[in-house]
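A short write-up of the structure that comes next.
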Amino acid sequence: MELSLQNCNLTSISLLNNPFDLFLNLQRLKLSSNSLKDLPEGFLKHSIDSLISIDLQRNLFQSIPNLFGKDFPSSKLTDFDLSSNHICTLNKNDLYKYKNLKTIGLTGNPLHCNCHLRWLKQWLIKNYDYDLIKFLQWTCATPVNLVGKQLTIIDEHDMICSENDYSQCQHAENLPI
Numbered sequence: 001m002e003l004s005l006q007n008c009n010l011t012s013i014s015l016l017n018n019p020f021d022l023f024l025n026l027q028r029l030k031l032s033s034n035s036l037k038d039l040p041e042g043f044l045k046h047s048i049d050s051l052i053s054i055d056l057q058r059n060l061f062q063s064i065p066n067l068f069g070k071d072f073p074s075s076k077l078t079d080f081d082l083s084s085n086h087i088c089t090l091n092k093n094d095l096y097k098y099k100n101l102k103t104i105g106l107t108g109n110p111l112h113c114n115c116h117l118r119w120l121k122q123w124l125i126k127n128y129d130y131d132l133i134k135f136l137q138w139t140c141a142t143p144v145n146l147v148g149k150q151l152t153i154i155d156e157h158d159m160i161c162s163e164n165d166y167s168q169c170q171h172a173e174n175l176p177i
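Quick note: the sequence shown uses UniProt numbering, first residue 1, plus one each step.
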């Protein structure tokens, strides 16, 4: 089953009157081209055994939403598109919990390529070394010395942290400690 709510001018989704039974067999969810900033934690926990594709591109997300709730088992999710949002950094746990991902879209996000994103470059090489061409459009928006450079080809030694890193990334609360 597929649910498409693209271009609906959505700004939020509430769980108060959410008919969870509709999500039991959901395989594809398309919420692209809205104005969503976040989704309720565990929003898709009833779809963990069926959902394979989520399209959240062209929204206002600053981080990867926790769609399946805390401590969920590895989902069947293989395709996750977060392209063209406002994500500048990621926590390792944001991606490590999705063990079956084949594609992830982060193109068009203002990535802050400092020491806190080294793990992402390493993760890409470890998991997608055979197919890094998919990730060539992941480019750095900051720091100044890496603007416009592709994450997959920059030298990890150039991904350094400085005292003003938190001000360069508007959502510093997502930085791993």
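Built from N, CA and C at the ideal position, the CB exists for glycine as well.
None of these values were measured; they are calculated from a predicted model.
In three-state DSSP terms, what is residue i?
i, result
"Phe-68", "coil"
"Asp-55", "strand"
"His-86", "coil"
"Ile-104", "strand"
"Glu-156", "helix"
"Lys-30", "strand"
"Asp-38", "coil"
"Ser-47", "helix"
"Leu-175", "For Leu-175, the predicted model reports a pLDDT of 40, less than 50, meaning its position is unreliable; a value from the coordinates is still stated below. It is coil, neither helix nor strand."
"Cys-113", "coil"
"Phe-80", "strand"
Just mark residue i as buried or exposed, buried being the case when its beta carbon has 16 or more other beta carbons within 10 Å.
i, result
"Asp-155", "exposed"
"Leu-3", "exposed"
"Ile-153", "exposed"
"Tyr-96", "exposed"
"Met-159", "buried"
"Cys-88", "buried"
"His-157", "exposed"
"Asn-9", "exposed"
"His-121", "A small fix is needed here, since residue 121 is Lys in this sequence, not His. Counting Cβ neighbours within 10 Å, Lys-121 comes out buried, since at least 16 surround it."
"Ser-14", "exposed"
"Gly-105", "buried"
Report the rounded CA-to-CA distance for residue i versus residue j, giving the unit in angstroms.
i, j, result
"Lys-37", "Lys-126", "30 Å"
"Ser-32", "Leu-60", "10 Å"
"Ser-53", "Asn-93", "19 Å"
"Gln-57", "Ser-162", "30 Å"
"Leu-5", "Leu-51", "16 Å"
"Leu-24", "Val-144", "46 Å"
"Gly-42", "Thr-142", "32 Å"
"Arg-28", "Asn-85", "20 Å"
"Trp-138", "Leu-111", "8 Å"
"Lys-45", "His-116", "29 Å"
Quick one: does residue i have its CB under 8 Å from some CB of chain B?
i, result
"His-112", "Absent from the structure is chain B; it holds one protein chain and no more."
Measure from the alpha carbon of residue i to the alpha carbon of each residue in the options, then state which is nearest.
i, options, result
"Asp-79", "Lys-70, Tyr-98, His-86 and Leu-146", "Tyr-98"
"Leu-77", "Asn-85, Thr-107 and Thr-103", "Thr-103"
"Pro-40", "Ile-48, Ser-75, Trp-119 and Ser-12", "Ser-12"
"Leu-124", "Phe-135, Asn-114, His-116 and Cys-115", "Phe-135"
"Asn-34", "Arg-118, Ser-83, Val-147 and Leu-44", "Ser-83"
"Tyr-128", "Leu-101, Cys-113 and Thr-142", "Leu-101"
"Lys-30", "Lys-121, Leu-146, Met-1 and Thr-107", "Met-1"
"Asn-7", "Arg-28, Ser-14 and Asp-55", "Asp-55"
"Cys-140", "Leu-132, Leu-151 and His-116", "Leu-151"
Quick check on the DSSP output: the alpha helix (DSSP H) that includes residue i runs from which residue to which?
i, result
"Asp-94", "92-96"
Under DSSP, the beta strand (DSSP E) around residue i begins and ends at which residues?
i, result
"Leu-3", "2-4"
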